[in-house]
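Residue 349 in numbering that gives the first Met the number 0 sits at position 350 of the sequence shown, and the numbers go up by one each step. Please read the structure below before turning to the comments.
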Amino acid sequence: MDKLKRTKIKALLNQEPGAEVLAKGWVRTKRGNKQVKFIALNDGSTINNIQIVAAAESFDEELIKRITTGASLSVRGKLVESVGSGQAVEIQAEEIEVLGECDPMRFPLQKKDTTLEYLRSVAHMRLRTNTFGAVLRIRNAMAFAIHKFFNEKGFVYLHTPLITESDAEGAGDMFQVTTMDLKSIPLDKKGNVDFSKDFFGKKTSLTVSGQLEGELGATAVGEIYTFGPTFRAENSNTPRHLAEFWMIEPEMAFYDINDNMELAEEFVKYLVQYALDNCLDDLKFLNDKYDDGLIERMRSVLGIAFERVTYTRAVEILEEAVRNGVKFEYPVHWGTDFQSEHERYLVEKHFQKPVILIDFPKDIKAFYMKQNEDGKTVRGMDVLFPKIGEIIGGSEREADLNKLETRIDELGMSRKNLEWYIDTRRYGSVPHSGFGLGFERLLLFVTGMANIRDVIPFPRTPKNAEF
Ligand code: 4AD
Ligand code: MG
Numbered sequence: 000m001d002k003l004k005r006t007k008i009k010a011l012l013n014q015e016p017g018a019e020v021l022a023k024g025w026v027r028t029k030r031g032n033k034q035v036k037f038i039a040l041n042d043g044s045t046i047n048n049i050q051i052v053a054a055a056e057s058f059d060e061e062l063i064k065r066i067t068t069g070a071s072l073s074v075r076g077k078l079v080e081s082v083g084s085g086q087a088v089e090i091q092a093e094e095i096e097v098l099g100e101c102d103p104m105r106f107p108l109q110k111k112d113t114t115l116e117y118l119r120s121v122a123h124m125r126l127r128t129n130t131f132g133a134v135l136r137i138r139n140a141m142a143f144a145i146h147k148f149f150n151e152k153g154f155v156y157l158h159t160p161l162i163t164e165s166d167a168e169g170a171g172d173m174f175q176v177t178t179m180d181l182k183s184i185p186l187d188k189k190g191n192v193d194f195s196k197d198f199f200g201k202k203t204s205l206t207v208s209g210q211l212e213g214e215l216g217a218t219a220v221g222e223i224y225t226f227g228p229t230f231r232a233e234n235s236n237t238p239r240h241l242a243e244f245w246m247i248e249p250e251m252a253f254y255d256i257n258d259n260m261e262l263a264e265e266f267v268k269y270l271v272q273y274a275l276d277n278c279l280d281d282l283k284f285l286n287d288k289y290d291d292g293l294i295e296r297m298r299s300v301l302g303i304a305f306e307r308v309t310y311t312r313a314v315e316i317l318e319e320a321v322r323n324g325v326k327f328e329y330p331v332h333w334g335t336d337f338q339s340e341h342e343r344y345l346v347e348k349h350f351q352k353p354v355i356l357i358d359f360p361k362d363i364k365a366f367y368m369k370q371n372e373d374g375k376t377v378r379g380m381d382v383l384f385p386k387i388g389e390i391i392g393g394s395e396r397e398a399d400l401n402k403l404e405t406r407i408d409e410l411g412m413s414r415k416n417l418e419w420y421i422d423t424r425r426y427g428s429v430p431h432s433g434f435g436l437g438f439e440r441l442l443l444f445v446t447g448m449a450n451i452r453d454v455i456p457f458p459r460t461p462k463n464a465e466f
């Protein structure tokens with residue numbers, strides 16, 4: 000009997016009744032009467048609980064008392080057909096051990112109606128809720144699917160550095176990395192910080208993107224992708240921004256902007272389909288609890304081709320909307336960067352499907368994007384999704400050495416720091432393209448959660464780095 004091995008609840012729920020089984024997990028609820036107790040046990044393997052039926056006469060009263068919400072149990076018993084509705088099988092308990100008690104008066108998750116906002120303040124414990132169990136399993140499935148997708152296509156997973164000298168996006172919102180004593184910073188003769196005395200002998204930061212190193216990989220082995228943490232010190236307190244988020248950045252030699260758009264569309268559709276195929280229990284739970292349009296919205300992006308629209312045309316559409324009485328908080332005219340309200344108008348109201356915007360004004364995009372003939376626009380692309388706005392940003396890259404160097408100078412960037420990058424255009428330069436998918440933005444779409452803080456286990460946002 001002691002040799003009985005634990006079976007995960009997900010497997011138990013799909014098992015034929017009859018066997019002697021051992022389950023372990025945390026108590027979600029306990030109810031019942033004097034004769035019999037019903038304990039809902041969850042071990043995180045599935046959103047579904049297994050019901051433990053414990054006849055009061057078979058157990059010590061003290062033991063039954065220690066079985067409270069949040070406590071951890073080991074339960075041995077017989078898997079039997081369930082008489083109650085809702086589950087096919089349940090466990091007729093023969094032996095129950097309380098592995099860890101949980102004081103019901105102090106347990107942070109005891110309240111029935113815990114708002115997502117409250118749960119953020121107990122983020123160390125919120126992982127134990129059904130909601131975060133579902134989110135974590137979907138997050139895991141998506142990470143796996145990303146590796147699967149690219150491996151099936153022969154892409155090489157490239158590990159790019161987290162500590163870097165370059166601001167790839169040129170936005171300047173980087174977290175500095177230093178070992179200098181902030182109370183006595185070494186200065187040079189001119190009174191500037193002397194970074195030669197710092198750990199790396201130069202000014203370094205946490206990366207905002209692995210793209211530049213990704214391009215080195217793509218122009219060597221053809222097709223690569225990165226998948227790692229990314230850091231941005233932008234002070235954006237929005238439901239779509241994190242200071243630490245995860246990004247997937249494929250980079251492909253010999254791809255032009257059209258190949259790039261095709262890959263991006265295929266990629267996100269693959270991920271949405273994967274979630275529908277592999278996470279349906281969790282999706283149904285989230286759909287019922289938070290967003291009754293979730294599954295329908297996920298299905299809706301699969302069957303159709305994403306709309307491809309130039310930035311210039313999109314501005315016309317938005318200007319026309321304004322003329323027709325649509326109110327935006329931020330003004331829109333040619334040359335402005337779109338806000339999420341503009342993106343969502345295009346996706347949800349105008350086209351009613353995901354949109355790929357292309358050909359942006361060069362002044363609102365990064366230095367590396369391929370310049371169009373018109374001298375005004377670059378071959379960038381943003382993929383916009385319902386309820387979220389931008390989930391992917393990318394471009395064809397400027398492969399021409401002269402044009403690239405001129406643009407770096409125009410923007411007042413340091414060519415010296417980028418010599419290693421510019422070498423890709425000096426030696427065997429090729430047309431190439433790539434994009435970045437914000438992992439948590441994708442997760443917003445495939446979980447229906449409204450706030451990006453609720454799709455990452457331990458969010459980092461301005462003034463918040465707890466847990
Ligand atoms: O559009 P972005 O800034 O593009 C790049 O970083 C390029 N280097 C990508 C490439 O071409 N390889 O960022 C890409 C995506 C955005 O579309 C968005 O989904 C996500 O990263 N993102 C963020 N997600 C959460 N919090 C933030 N602060 C984010 N900033 C960007
Ligand atoms: Mg972008």
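Glycine residues also receive a C-beta, built at the ideal position from the N, C-alpha and C atoms.
Pairwise C-alpha distance: residue j and residue i
{"i": "Phe457", "j": "Glu116", "result": "14 Å"}
{"i": "Arg127", "j": "Leu118", "result": "10 Å"}
{"i": "Ser432", "j": "Ile256", "result": "7 Å"}
{"i": "Leu441", "j": "Ile390", "result": "6 Å"}
{"i": "Val346", "j": "Lys288", "result": "25 Å"}
{"i": "Ala87", "j": "Val325", "result": "52 Å"}
{"i": "His349", "j": "Phe444", "result": "19 Å"}
{"i": "Leu383", "j": "Ile355", "result": "6 Å"}
{"i": "Asp258", "j": "Val331", "result": "29 Å"}
{"i": "Asp291", "j": "Leu279", "result": "14 Å"}
{"i": "Lys336", "j": "His240", "result": "Note that residue 336 is Asp in the sequence shown, not Lys. In a straight line, the C-alpha of Asp336 is about 16 Å away from that of His240."}
{"i": "Gln338", "j": "Gly200", "result": "39 Å"}
{"i": "Ser73", "j": "Met448", "result": "33 Å"}
{"i": "Leu403", "j": "Phe253", "result": "18 Å"}
{"i": "Gly169", "j": "Phe366", "result": "8 Å"}
{"i": "Lys189", "j": "Asn139", "result": "51 Å"}
{"i": "Val321", "j": "Gly437", "result": "30 Å"}
{"i": "Pro103", "j": "Lys29", "result": "12 Å"}
Close beta carbons around residue i, own chain, < 6 Å, minus the five adjacent residues each side
{"i": "Ala144", "result": "Leu270, Tyr273"}
{"i": "Met179", "result": "Asp197"}
{"i": "Gly379", "result": "Phe359, Lys364, Met368, Ser394"}
{"i": "Val155", "result": "Val220, Ile223"}
{"i": "Cys101", "result": "Thr67, Gly69, Ala70"}
{"i": "Thr206", "result": "Leu161, Thr163"}
Residue i vs residue j beta-carbon contact at 9 Å
{"i": "Ile90", "j": "Val79", "result": "yes"}
{"i": "Glu248", "j": "Phe305", "result": "no"}
{"i": "Glu250", "j": "Thr225", "result": "yes"}
{"i": "Tyr150", "j": "Arg27", "result": "Checking the sequence, you will find Asn at residue 150 rather than Tyr. No."}
{"i": "Arg414", "j": "Lys386", "result": "no"}
{"i": "Ser204", "j": "Thr229", "result": "no"}
{"i": "Val35", "j": "Lys77", "result": "no"}
{"i": "Thr446", "j": "Val134", "result": "yes"}
{"i": "Leu157", "j": "Gly213", "result": "yes"}
{"i": "Arg75", "j": "Ala92", "result": "yes"}
{"i": "Thr477", "j": "Phe37", "result": "The first residue shown for the chain is 0 and the last is 466, placing residue 477 beyond what the model contains."}
{"i": "Leu510", "j": "Ile303", "result": "Because the chain is modelled from 0 through 466, residue 510 falls outside the range shown and cannot be assessed."}
Closer than 8 Å: residue i CB and nearest the ligand MG heavy atom
{"i": "Gly392", "result": "yes"}
{"i": "Asp358", "result": "no"}
{"i": "Glu151", "result": "no"}
{"i": "Asp362", "result": "no"}
{"i": "Glu389", "result": "yes"}
{"i": "Asp166", "result": "no"}
{"i": "Asp381", "result": "yes"}
Closer than 8 Å: residue i CB and nearest the ligand 4AD heavy atom
{"i": "Leu436", "result": "yes"}
{"i": "Ile451", "result": "yes"}
{"i": "Asp336", "result": "no"}
{"i": "Ser235", "result": "yes"}
{"i": "Phe148", "result": "no"}
{"i": "Phe284", "result": "no"}
{"i": "His240", "result": "yes"}
{"i": "Glu248", "result": "yes"}
{"i": "Phe457", "result": "no"}
{"i": "Ala70", "result": "no"}
{"i": "Glu342", "result": "no"}
Same chain, Cβ closer than 8 Å to residue i, five either side skipped, listed in chain order
{"i": "Lys152", "result": "Glu222"}
{"i": "Glu315", "result": "none"}
Cβ shell of residue i (< 7 Å), same chain only, five flanking positions each side left out
{"i": "Asn41", "result": "Ile8, Gly24, Trp25, Arg27, Asn48"}
{"i": "Asn234", "result": "Pro461"}
{"i": "Ser165", "result": "Leu211, Asn416, Leu417"}
With a floor of 4 residues, list each alpha helix (DSSP H) that falls wholly inside the segment 30-100, ordered by position along the chain.
60-65
Beta strand (DSSP E) segments (min. 3 residues) lying fully within the segment 180-213
203-205
Just to confirm the assignment: which complete beta strand (DSSP E) runs, minimum length 3, are found wholly within the segment 274-311?
306-309
Quick check on the DSSP output: what are the complete alpha helix (DSSP H) runs of length 4 or more inside the segment 368-428, in order along the chain?
400-409, 418-425
Residue ranges of each beta strand (DSSP E) within the segment 228-252, 3 or longer:
243-252
Let me know the alpha helix (DSSP H) ranges lying completely inside the segment 116-160, each 4 residues or longer, listed in chain order.
129-151
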